[in-house]
Amino acid sequence: MPVYYFSIVNMSNIDFVRMEYTLQLTFRQYWKDSRLAYGNLFAEGIMPNFLIVTQPDLIWIPDTFFLNEKQAHRHNIDKLNVMIRIYADGSILFSERISLTLSCAMHLQKYPMDEQTCALQLASYAYTTDDI
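Given below as structure tokens:
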């Protein structure tokens, strides 16, 4: 079952009229794919802590998306801002930097003294919770 972790770098552009906000975050997914386990391929004492994959299309990655996304941008300055580590037991850490504009149903009855709770909602295109 994948585990998700977010590190919010920046929150900006809170728009009460459009009911949206923008986040820049580091999105991390952690899962296990036993097909990629390599613990038995190295002699004792020389096995690396993890291997780094530089091309995300070489491994299976969960089809996670943000349900309340209006717009998304994956950062790619001189190279794609993605890091993939594969551990000896087949565990995978996938990390990427993303900017998102997300919808948020804001309740403005007490404006400007109101408080808002905005969710960051994740889902999968092809898999149910039981599948994962």
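Mapping to our numbering: the sequence shown position 27 is 27, numbers consecutive.
Beta carbons are placed, not taken as given, at the ideal position from N, Cα and C, and that holds for glycine.
If you check the CB distance, Thr101 and Gln55 do not come in under 7 angstroms.
Of the other Cβ atoms in all chains shown, 16 or more fall within 10 Å of the Cβ of Met106; this residue is therefore buried. Of all alpha-carbon atoms in Val3, Tyr21, Arg35, Arg28, the one lying nearest the alpha-carbon of Asp89 is that of Arg35. Val82 and Glu69 do not touch by the CB rule: their CB atoms are close to 18 angstroms apart, not below 8 angstroms.
Rounded to whole angstroms, the gap between the alpha carbons of Pro112 and Leu93 is 41 angstroms. In the DSSP assignment, Tyr5 falls within the beta strand (DSSP E) that extends over 3-15. For Met47, the closest of Phe6, Thr129, Ile86 by C-alpha to C-alpha distance is Ile86. For the pair Ile98 and Arg74, the CB atoms are nearer than the 7 angstroms cut-off.
Lys32 is positioned such that its CB atom lies no closer than 7 angstroms to that of Ser124.
Counting of Cβ neighbours within 10 angstroms places Tyr127 among the exposed residues, the total staying below 16. Secondary structure of Arg18 (DSSP, three-state): coil.
Where Arg35 is concerned, there is no enclosing beta strand (DSSP E), because DSSP gives it neither an H nor an E. With a threshold of 16 other beta carbon atoms within 10 Å, Tyr5 falls short and is exposed. The beta-carbon distance between Gln29 and Val9, rounded to whole angstroms, is 17 angstroms. This is too long to meet the 8 angstroms contact definition.
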